[in-house]
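See below for the structure under consideration.
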Amino acid sequence: METYELLKPVLFRLPPETAHRFAHQLLEVAQDSPIEERVSDRYTVSDDRLETTVFGCPFPNPVGVAAGFDKNAEIPSMLAALGFGHVEVGGVTAEKQPGNRRPRMFRLPEDEALINRMGFNNHGADIIGDRLTESTLPSVPIGINIGKSKSTALADAPDDYCYTFERVASAGDYFAVNVSSPNTPGLRSLQNRDALESILGTLVDAGADPLLVKLSPDLPRPAIEDALTVVGDLDLDGVIATNTTTARPETLQNPNRVERGGLSGKPIEGAATDLIRFIADRTDVPIVGVGGISDAEGAYKKIRAGASITQLYTGLVFEGPSIARRINIGLLELLERDGFDTIEDAVGVDLE
1 METYELLKPV LFRLPPETAH RFAHQLLEVA QDSPIEERVS DRYTVSDDRL ETTVFGCPFP
61 NPVGVAAGFD KNAEIPSMLA ALGFGHVEVG GVTAEKQPGN RRPRMFRLPE DEALINRMGF
121 NNHGADIIGD RLTESTLPSV PIGINIGKSK STALADAPDD YCYTFERVAS AGDYFAVNVS
181 SPNTPGLRSL QNRDALESIL GTLVDAGADP LLVKLSPDLP RPAIEDALTV VGDLDLDGVI
241 ATNTTTARPE TLQNPNRVER GGLSGKPIEG AATDLIRFIA DRTDVPIVGV GGISDAEGAY
301 KKIRAGASIT QLYTGLVFEG PSIARRINIG LLELLERDGF DTIEDAVGVD LE
């Protein structure tokens, strides 16, 4: 039995945000210590069949940490040591924000899901930018997820996003524009074509490269197609699919299903994979597949549906720190089973 299986019942007795902070602090203590190297030796799966190059960045494997786990860019090296092939930090906003009132994160254990309404709580672009500049960053790619400050009017959103980008620009291997969180009032309206074009165009002019946009699973399909038109017109580098959903599948069992916020985890796995397939059918840009991944089979389905790389967050909460290792080992077995030489060979095969 893994150590996490022993700790999990204790952690799950704590409020979710308290448990997250406790785990976060343990990783902070271990980072930049001899423990980090030992952890890396234990959890990293090094195999050139897992390597891939996406939007000009070399990834040692296709399993990354989604934005939200390391909001303030405090533990990217330790997350890389757990075997993840990239780490996306943030969301970072121009202003320091406390986020929404607690409680704002809820577990649904029977459903292997979380609901959060965090509200982009983070230290702000100035502090996080300095932290990234002064830190020794890992060798895996670092993505920086950029959100809108709550106090910024929607009309001023392009300048708000641009301010944040300029403060973190030197540290990111790619930049993700978050216009799809359900927890900042009005944010999702920025996914409409004109607003999206204005924000992304401003960032392109500012030199944001590679630049990706993170989309909501709740967008109607015509709106997704409009967003993809903007991606093509501006020659963006990729799409992240998807963010959390405000939908509540009827299969949810836990009483916390009534809480407001974005649902993540197993219940959105199928819908996220379907959206990846929809996007991959309509664009050639790389897709980062997110939503409900907790094992190799789930990651592999997203890759076969068109995702070049994948991310997870909720799976890490429920499965523990060995999840990246287990997924990567499982992916190698699946590649062998299906006769693929590399992970790149499996991308989008279910579209053919």
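Residue 1 is where the sequence shown starts when you use the UniProt record's numbering, and the numbers rise one by one after that. Where a beta carbon is used, it is the ideal one built from N, C-alpha and C, also for glycine. Only a predicted model underlies this, so the values are computations on that prediction, with no experimental measurement involved.
**Message:** Contact between the stretch 221-239 and the stretch 67-87 is defined here as three or more beta-carbon pairs at a separation below 8 Å; is this criterion met?
**Reply:** no
**Message:** Could you check whether Ala67 and Glu88 sit closer than 7 Å to each other, using their CB atoms as the reference points?
**Reply:** yes
**Message:** Extract the residue ranges of the beta strand (DSSP E) inside the stretch 226-261, only unbroken runs of 3 or more that lie entirely within it.
**Reply:** 238-241
**Message:** Quick check on Arg102: buried or exposed, where buried means 16 or more other Cβ atoms within 10 Å of its Cβ?
**Reply:** exposed
**Asked** Is the number of C-beta pairs between the stretch 201-218 and the stretch 156-175 that are closer than 8 Å three or more?
**Response** yes
**Request:** Could you please give the first and the last residue of the uninterrupted alpha helix (DSSP H) stretch that includes Pro16?
**Result:** Pro16 to Ala30
**Prompt:** What did DSSP end up calling Thr53 once you bin it into helix, strand or coil?
**Reply:** strand
**Asked** Is DSSP giving Phe84 helix, strand or coil here?
**Response** coil
**Item:** N- and C-terminal bounds of the alpha helix (DSSP H) containing Lys214
**Value:** That residue, Lys214, is in no alpha helix (DSSP H); its beta strand (DSSP E) goes Leu211 to Leu215.
**Item:** Burial state of Thr244 (16 or more Cβ within 10 Å)
**Value:** buried
**Item:** Cβ distance (whole Å) where Val54 is taken to contact Pro286 below 8 Å
**Value:** 5 Å
**Request:** Just confirm the distance between the C-beta atoms of residue 367 and Gly129, as a whole number of angstroms; I'd bet it's less than 8 Å.
**Result:** A query on residue 367 cannot be resolved here, the shown segment of the chain reaching from 1 to 352 and no further.
**Asked** Which class does Phe120 belong to by DSSP, given the choice of helix, strand or coil?
**Response** coil
**Message:** Pull the bridge partners of Tyr174 from the DSSP assignment, please.
**Reply:** Gly143
**Request:** Note down, one range per segment and in chain order, each alpha helix (DSSP H) of at least 4 residues found wholly within the stretch 172-208.
**Result:** 193-205
**Message:** Pull the bridge partners of Ala113 from the DSSP assignment, please.
**Reply:** Leu108 and Gly265
**Request:** Could you tell me whether the stretch 178-194 touches the stretch 162-170, where touching means 3 or more Cβ pairs closer than 8 Å?
**Result:** no
**Prompt:** Straight-line CA distance for Glu51 to Gly85?
**Reply:** 9 Å
**Prompt:** Between Glu95 and Asn254, is the Cβ-Cβ spacing less than 7 Å?
**Reply:** no
**Prompt:** Hey, quick one: how far does the beta strand (DSSP E) through Leu6 stretch, first residue to last?
**Reply:** Counting along the chain, Leu6 falls outside any beta strand (DSSP E), though it belongs to the alpha helix (DSSP H) covering Thr3 to Leu11.
**Prompt:** Thinking C-beta only, is Ile279 closer than 7 Å to Lys302?
**Reply:** no
**Contacts around Arg13, its chain only, beta-carbon distance under 7 Å, and the 5 residues preceding and following it disregarded** = none
**Asked** Cβ-heavy atom distance between Asn178 and the ligand ADP below 6 Å?
**Response** In terms of ligand content, the structure shown is empty, and the ligand ADP therefore cannot be addressed.
**Prompt:** How many Å lie between Glu5 and Leu132 at the Cα?
**Reply:** 33 Å
**Request:** Mind checking which residues open and close the alpha helix (DSSP H) that includes Gly330?
**Result:** Ile323 to Asp338
**Request:** Measure the C-alpha to C-alpha separation of Glu259 and Ile115 and round it to an integer number of angstroms.
**Result:** 7 Å
**Request:** Indicate the three-state DSSP secondary structure (helix, strand or coil) for Phe318 in the structure shown.
**Result:** helix
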